[in-house]
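According to my numbering, the stretch in the sequence shown is residues 114 to 706, in order.
Have a look at the structure below before the remarks.
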Amino acid sequence: MGIWSDDNNKKLNIQLKADYEILDDLIFDVAYSFQSNSELRNNYESKESFGGGLNRNGLATKESKDFYNQLLESTLRWNGNISNGTIDVVGGYSYQEFYEEGFRAQGGDFITDAFAYNRLKASNDFKTGIGDVTSFKNTNKLIAFFGRVNMSWDQTWFLSVSGRREGSSKFGTDKKWGFFPGASGGVELANFINSSSINNLKFRVSYGEAGNNLKDSYLSLVVAEPGDDSFYYNGDYVPAYGPLRNSNPNLGWESKKEINIGLDYSFFNDKVYGAIDYYSRKTESLLWLFGVPQPPNLASQTWANVGDLRNSGLEFLVNLKAVDNGSFSYIPTLTATWYIENKIVSLSDPDNGFVFGAGRNLGGMGSPGQNDTPLVHIEEGAPLGQLWGWKYVGISPTGELQLEDISGPEGKPDGGVDADDRTVIGNGLPSFEIGFGNSVRWNNWDANVFFRGVFGHDLINSMRAFYEVPAAIRSYNVVSTARDMKNPDTGAYLNSPDGKLSDLYVENADFFKLENLSIGYNLKVPSGSAINNVRFYFAANNLFVITGYKGTDPEVRYGDSEDDNNPLVPGVDRRDTWYMTRSFSLGVSLGFN
């Protein structure tokens with residue numbers, strides 16, 4: 114009685130590298146790496162074991178997975194001198210191939226536990242048609258040609274130009290290749306300013322493009338799957354197959370274009386140093402599973418490049434050598450990011466038949482009872498991350514949920530609460546982020562302390578949304594805060610299992626935390642010893658968090674964990690979120706001559 118499990122995992126890593134100097138300062142490099150992983154997993158839950166074994170009268174699973182990734186890169190590099198400066202030129206080629214295949218079989222209803230997972234044929238599930246057998250195979254390739262030129266003059270002027278042409282087998286037949294250029298320039302202003310207090314004042318501007326590949330293969334192709342119907346053919350009923358999605362030969366790269374304007378500074382013999390950056394980023398041709406009319410399309414959805422996003426912000430970094438007298442030093446570091454804009458520019462491509470409409474609601478709270486409850490509203494011209502739902506008013510004397518009537522079919526309150534009354538009830542993205550690091554050294558002791566805070570974001574507390582309503586979740590334990598969900602006059606508890614998400618369950622999730630702490634002591638060792646350094650240390654993570662959020666973790670959710678981390682659905686704290694791990698460690702590190 115129990116669970117038998119056997120896992121085998123075989124890994125192989127190969128790395129080869131060679132270089133050859135063709136001429137002075139002209140070097141050819143070639144590197145090859147190969148990684149493979151072969152997994153075999155067997156599992157059997159006995160007839161009396163709690164869970165699947167008990168429910169299925171014994172349950173056996175066998176699964177295997179094979180994967181490899183090989184990468185070949187070759188570059189040609191040249192370094193030289195130009196008038197009052199230097200030049201560095203690099204050109205190269207890259208080839209990468211991924212391969213993955215797997216198999217899984219699962220069956221239950223055994224007459225004995227003696228076979229365990231070694232005789233799946235003994236499972237009666239395969240005789241009754243409920244045994245499960247699946248397999249898969251994926252392969253894709255990524256090829257790139259790239260080049261870069263770096264130049265500098267008089268340690269004052271700097272210029273860099275780069276380009277990368279990249280092709281992926283995952284995209285449509287007409288759009289497999291993309292070109293992603295980049296350029297940057299800078300000038301050291303300190304060389305024009307006669308001031309002993311200014312050590313570095315470098316102004317720089319850069320522009321770059323990068324491509325985003327598809328996560329899965331074959332998304333540009335028609336994929337058929339078995340349907341619920343069957344048809345009569347040649348004396349038998351044959352299962353019907355239908356398209357899961359439409360083909361799109363124009364499915365191509367999602368691109369990210371960014372402009373950065375920055376200033377690196379250092380003053381007072383490098384006692385104060387840091388950087389200031391402004392960035393403006395536009396993501397174009399979003400990879401999107403778009404709903405389309407059926408007919409004329411075979412299926413109701415198509416992967417397409419539809420939509421643009423724009424975001425911008427300011428980033429600050431300052432380091433201060435507050436004290437440094439030889440035996441004692443203290444260097445605080447402050448970082449800050451102000452998110453100026455996160456905007457949906459467009460979500461339509463009418464030229465190719467992809468029309469978005471006025472707006473769309475995404476996400477879902479989930480089962481039980483709230484599968485059709487949307488979480489986020491996206492709309493052209495609106496901020497990204499808008500949480501969507503009703504305004505909470507209170508609890509009626511009989512325990513019914515009361516929501517605000519704010520609109521209707523004609524745009525004004527109509528005496529009822531329905532979908533027209535939903536509105537923006539929060540935003541899942543932050544507006545400001547700060548980090549504060551402290552580095553201290555005293556003789557042989559050293560310490561590092563890092564604080565971090567994030568502000569301006571909200572979270573949907575789905576744990577509360579489910580477990581504060583006893584009438585909706587009768588088969589589960591409710592959370593202690595459910596005792597507060599009652600009418601103040603009659604004492605009637607909330608008993609409305611209607612699955613309407615309101616701002617009652619949207620919470621401000623600002624937080625400030627001590628993220629990392631480390632303390633070390635460097636032991637002196639005799640000269641001439643084989644050991645040149647001995648350091649004892651203590652380290653801890655997530656020692657405390659200051660927040661008003663009632664959920665498990667106030668960290669920003671930049672994507673929905675139940676929707677493949679979809680970045681268009683931020684701000685959802687799912688019920689399966691684990692608490693932050695608070696860890697403590699003691700150790701010693703050794704350095705050898």
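The beta-carbon is built from N, C-alpha and C at its ideal position, and this holds for glycine as well.
With a Cβ-Cβ cutoff of 7 angstroms, do residue i and residue j count as a contact?
| i | j | result |
| --- | --- | --- |
| Y208 | F258 | no |
| G221 | G291 | no |
| E513 | V506 | no |
| G355 | G375 | no |
| Y618 | N574 | yes |
| N600 | P510 | yes |
| G420 | L460 | yes |
| N629 | R648 | no |
| R394 | E371 | yes |
| N418 | S398 | yes |
| L703 | I644 | yes |
| R261 | S282 | no |
| F657 | L627 | yes |
| N313 | S265 | no |
| R154 | E176 | yes |
| G280 | L364 | no |
| F293 | E322 | yes |
| Y662 | A605 | no |
| W707 | S615 | This structure does not reach residue 707, given that the chain is present from 114 up to 706, and the question cannot be answered. |
| S330 | N253 | yes |
In the DSSP assignment, find the alpha helix (DSSP H) that holds residue i and state where it starts and stops.
| i | result |
| --- | --- |
| M576 | 575-580 |
| R169 | 165-169 |
| F239 | 238-241 |
Starting from residue i, trace the beta strand (DSSP E) in both directions and tell me its first and last residue.
| i | result |
| --- | --- |
| D142 | 139-158 |
| F68 | It is not possible to answer for residue 68, since the shown part of the chain is limited to 114 through 706. |
| K504 | Careful: K504 lies outside any beta strand (DSSP E) and carries neither H nor E. |
| K254 | 245-266 |
| E367 | 367-380 |
| Y606 | Segment: none, Y606 is in no beta strand (DSSP E) and carries neither H nor E. |
| N313 | 311-325 |
| Y452 | 441-459 |
| L516 | 514-516 |
| G117 | Before going on, a small fix: residue 117 reads as Trp here, not Gly. Unbroken beta strand (DSSP E) run through W117: 116-136. |
| E467 | Residue 467 is actually Phe in this sequence, not Glu. First-last for F467: undefined, no H or E at that position. |
| N621 | 619-621 |
| E523 | Taken as a continuous stretch (DSSP letters only), E523 belongs to no beta strand (DSSP E), as it is neither H nor E. |
| V701 | 696-705 |
| L400 | 400-404 |
| S282 | First-last for S282: undefined, no H or E at that position. |
Helix, strand or coil for residue i per DSSP?
| i | result |
| --- | --- |
| A229 | coil |
| K395 | strand |
| K434 | coil |
| F305 | helix |
| R534 | Reading off the sequence shown, one finds Asp at residue 534, where the question assumed Arg. It is helical. |
| N197 | coil |
| N791 | Nothing about residue 791 can be reported from this structure: the residues present for the chain run from 114 to 706 only. |
| N410 | coil |
| Y354 | strand |
| A495 | coil |
| P543 | coil |
| Y346 | strand |
| A337 | strand |
| K178 | strand |
| D571 | strand |
| K599 | strand |
| D686 | strand |
| D677 | coil |
| D616 | helix |
Chain B beta carbons: is any one of them nearer than 7 angstroms to that of residue i?
| i | result |
| --- | --- |
| N359 | Looking for chain B here will not work: only one protein chain is present. |
Contact between the region 680-689 and the region 533-546 (3+ Cβ pairs under 8 angstroms): Yes, the region 680-689 touches the region 533-546.
Evaluate contact between the region 285-304 and the region 346-353, counting only Cβ atoms and requiring at least three cross-stretch pairs below 8 angstroms. Three or more Cβ pairs closer than 8 angstroms define a contact, and the region 285-304 falls short of that threshold against the region 346-353.
Three or more C-beta pairs below 8 angstroms linking the region 517-534 and the region 403-421: No: fewer than three Cβ pairs fall under 8 angstroms.
Meets three-Cβ-pair contact criterion under 8 angstroms: the region 232-248 and the region 269-276: Not touching, per the Cβ criterion.
Given 8 angstroms, three or more beta-carbon pairs between the region 428-442 and the region 400-410: Touching, no.
Tell me, please, whether the region 138-148 touches the region 178-195 by the rule of three or more beta-carbon pairs shorter than 8 angstroms. Pairwise C-beta distances place the region 138-148 in contact with the region 178-195, as three or more of them are shorter than 8 angstroms.
Determine, using beta-carbon pairs with one atom in the region 355-364 and one in the region 383-391, whether at least three such pairs fall under 8 angstroms. Counting Cβ pairs under 8 angstroms, fewer than three are found: no touch.
I'd like the ranges of any alpha helix (DSSP H) spanning at least 4 consecutive residues and lying wholly in the region 635-666. With a minimum length of 4 residues, no continuous alpha helix (DSSP H) run stays inside the region 635-666.
Would you call the region 545-559 and the region 436-454 touching, i.e. three or more CB-CB distances under 8 angstroms? The answer is yes - the region 436-454 touches the region 545-559, with three or more Cβ pairs under 8 angstroms.
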